[in-house]
Each structure stands twice: as structure tokens, then as C-alpha cells.
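Report on the following structure.
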Amino acid sequence: TQYTAIITEVEGRVATITLNRPEALNALSNTLIAELVDAASKFDADPNVGAIIITGSERAFAAGADIKGMLELEYSDVLAGGAFPSWGGIEQMLTPTIAAVSGFALGGGCELAMMCDIIIAADNAKFGQPEINLGVIPGFGGTQRLPRAIGKYKAADMVLTGRMMGAEEAERSGLVSRVVPAAELIDTVKQAAALIASKPLPALYAAKNALQAAEESSLSEGLRVEQIAFQALFATEDQTEGMRAFAEKREANFKHR
Ligand code: HXC
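Count the sequence shown with UniProt numbering and you get residues 5 to 261, in order.
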């Protein structure tokens, strides 16, 4: 597929989607979102892809929804639902996703990062939900995912003031998985993605699904999801192989990965 607002590449079992609207700091135009969802869902369906990286440029992961594209929208346009493309359940894909964030991750950019399983940030990253300054509020999940990630008080500070949070504060708050020097960001993320992609797929899918249950359900429901998945993995060849390899002191040779 010929994309105009993103660049895709596959190396080994790792796919990378690079947001590419440098003139607008990767603002999430409808075209960009549609292309991102299209590429991500194709990679998700491809058994040769074991992990997906979403990244931007050094200056900006994404500076938010495209404000210029929202200028003329009225209540009726937004209400009808056609004004913004669907995210297509990108956060529920089976394939693990890593956001590699350098520079600005603001508004929809911060929300896109939070749709990923792991967020690895460069030390120059800046996160924020500045929508309040535009007379709106986060619209791609920010008011729900941010408090779940960093707690009510940190989230309210971000959403009500619209201020930016640097990489160090973001890591301390639990918004990012790791912070690395900007020059090492892509290598670090590619290594993490390759490591994930080397793991047995049935266990990866089960782990991701159980982690999602932690966000979406009560403790007892989530524990139940975990227990059922844990038990089911004993029906997989990769469980037999993984445990046998350990006992025999050799590398596991997983069938599904
Ligand atoms: C459209 C944007 C943009 C955006 C930047 N640009 N962010 N265009 N939508 N969100 C454009 C600028 O207009 C400018 O284009 C170029 O990118 C470079 O930006 P500058 O502002 O000149 O750069 P700088 O001075 O370094 O400031 C960087 C910045 C600032 C702090 C990130 O651009 C900024 O505040 N951007 C908006 C951030 C924001 O409010 N995001 C939330 C959006 S609402 P020109 O052509 O002028 O050079 C949202 C809601 C999601 O995300 C939910 C919707 C349902």
C-alpha cells in the first residue's frame, strides 16, 4: 500500500510505523490515522510480525490531533461521528506494540502512545494533554487512560492545567516504561521489540490479553482471565518445549513465534 503520512518497514519479525508529517510535527490528520490503523492491523494479522513499533521524528512523536483540520467543525459534524476516523481497536490488537517517543507527545499524540503496550521515551520527550487550552478536552482516551496510568492527582494536574511533563517526571509517574538518551532511542526500542518477537506467540497473546484485563475489569474478574489463560497454555507445544528446554539446560526452540 502506498502511504502518504506514515512510513512502514519490517526488519526480521519487527515492524516499524513512523509517523511522517514533519511540517506539522506529526499532527494526527484523518489521513494519518487511517493509514496508521490500516498498517497496524495488517501487521497484526501477519504471523511473521511479532512486535510493532510506532514512532515519530526526533522533534515530535505527535503534537496532537490536527488542529487546523478541526477549525471549521461544528457540533453536528463531531456528533455524527464522521469527523474523526476510527482507531480500529488498535489498542486491542494481539501483537505487542511499543511507542518510541522523542520530543512532543501532546494531546492525541500522548493518547496514541497510551494505546501502546509499552512506552519507551527519549530524555527529550515531553508529554501533555493541552486540549484545555483549545477549549476542548482529550478525545482519544486521555481522561481515562492517563488516570489509570499515573493516578487521579497527576492526571488532573495534566488535563486541567494543560502543562507538559518531561521524560524524567513521566517515568517517575509511571507513564513511561523506560527513559533512554535520545541518540539510543531507536536501537533500544528495536532491541526490546526483537526480544518480544522472539517469545512464544501463544504466551505473548495470553499475557497481553491478561494485562488488558487488569485495565478493564475488577481484580477477581482479571484473576479469572489470568487463571484460564495460564491453564490453557499447558495445551500448547511451546509450553512443553519451554519447560523441557529449561530442564535439559538448552535453548528453547519455540514452534510459534
Ligand atoms: C496542526 C500543528 C499542530 C497540531 C503543531 N503544528 N502542532 N498543526 N495540529 N496539533 C504545526 C504548527 O502549526 C506549525 O506549522 C508547525 O507544526 C510547527 O509548530 P510550531 O508551533 O511552529 O513549533 P514550536 O513553536 O516548536 O511549538 C511546538 C508545540 C506547538 C509546543 C508542540 O506546535 C503546539 O502547541 N502545538 C499544538 C499542541 C496541541 O495543542 N495538541 C493538542 C491538539 S488537540 P506552521 O505551518 O505554522 O509552521 C487533540 C485532541 C485529540 O489532540 C482528540 C480529538 C478527538
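All C-beta atoms in this analysis are idealised placements derived from N, C-alpha and C, irrespective of residue type, glycine included. Just so it is clear, the structure is predicted and the values come from calculations on it, not from any experiment.
contact_flag[the segment 41-52, the segment 218-237] where n(CB pairs < 8 Å) is 3 or more: no
Does ligand 1 have even one heavy atom less than 6 Å from the beta-carbon of LEU164? no
Tell me the DSSP secondary structure of GLU172 in three-state form. Assigned with DSSP and collapsed to three states, GLU172 falls in helix.
Counted within 10 angstroms of its Cβ, other Cβ atoms place PHE258 as buried (16 or more) or exposed: Buried, since its Cβ has 16 or more Cβ neighbours within 10 Å.
When you compare the CB positions of CYS120 and ALA103, do they come within less than 7 Å of one another, or not? yes
For MET162, count neighbouring Cβ atoms within 10 angstroms of its own Cβ and tell me buried if that reaches 16, exposed if not. buried
Taking DSSP's pairing of strands, which residues face LYS130 in a bridge? PHE108 and GLY170
On the three-state DSSP scale, how would you describe PHE65? strand
Buried or exposed (CB count within 10 angstroms, at least 16 for buried), PHE250: When all chains shown are included, PHE250 counts as exposed.
What number of angstroms, rounded off, separates the C-alpha of GLY111 from the C-alpha of ALA67? Between GLY111 and ALA67, the C-alpha separation is close to 7 Å.
Considering just the uninterrupted stretch of the beta strand (DSSP E) at LEU23, what are its terminal residues? 18-23
What does the Cβ neighbour count give for ALA239, buried or exposed, with the cut at 16 atoms within 10 Å? exposed
Assign ILE141 to one of two classes, buried (16 or more other C-beta atoms within 10 Å of its C-beta) or exposed (fewer than that). exposed
Could you tell me whether any non-hydrogen atom of ligand 1 is closer than 6 Å to the CB of ALA31? yes
Within the present structure, is the beta-carbon of ILE71 separated from the nearest heavy atom of ligand 1 by less than 6 Å? yes
Along the beta strand (DSSP E) that carries ILE58, what are the first and last residues, could you check? 55-59
Between the C-alpha atoms of GLY246 and ALA256, what's the straight-line distance to the nearest angstrom? 5 Å
Compute the minimum distance between the beta carbon of ALA28 and the heavy atoms of ligand 1, and state whether it is under 6 Å. yes
Can you find a heavy atom of ligand 2 that lies under 6 Å from the Cβ of GLY86? By its list of ligands, the structure shown excludes ligand 2, since it contains just ligand 1.
Cross-strand partners of ILE123 (DSSP beta bridge): ALA103
Please tell me whether, using a cut-off of 6 Å, the distance from the CB of PRO134 to the nearest non-hydrogen atom of ligand 1 is below it. yes
Opening and closing residue of the alpha helix (DSSP H) in which ARG254 lies: Where ARG254 is concerned, there is no enclosing alpha helix (DSSP H), given that its DSSP letter is neither H nor E.
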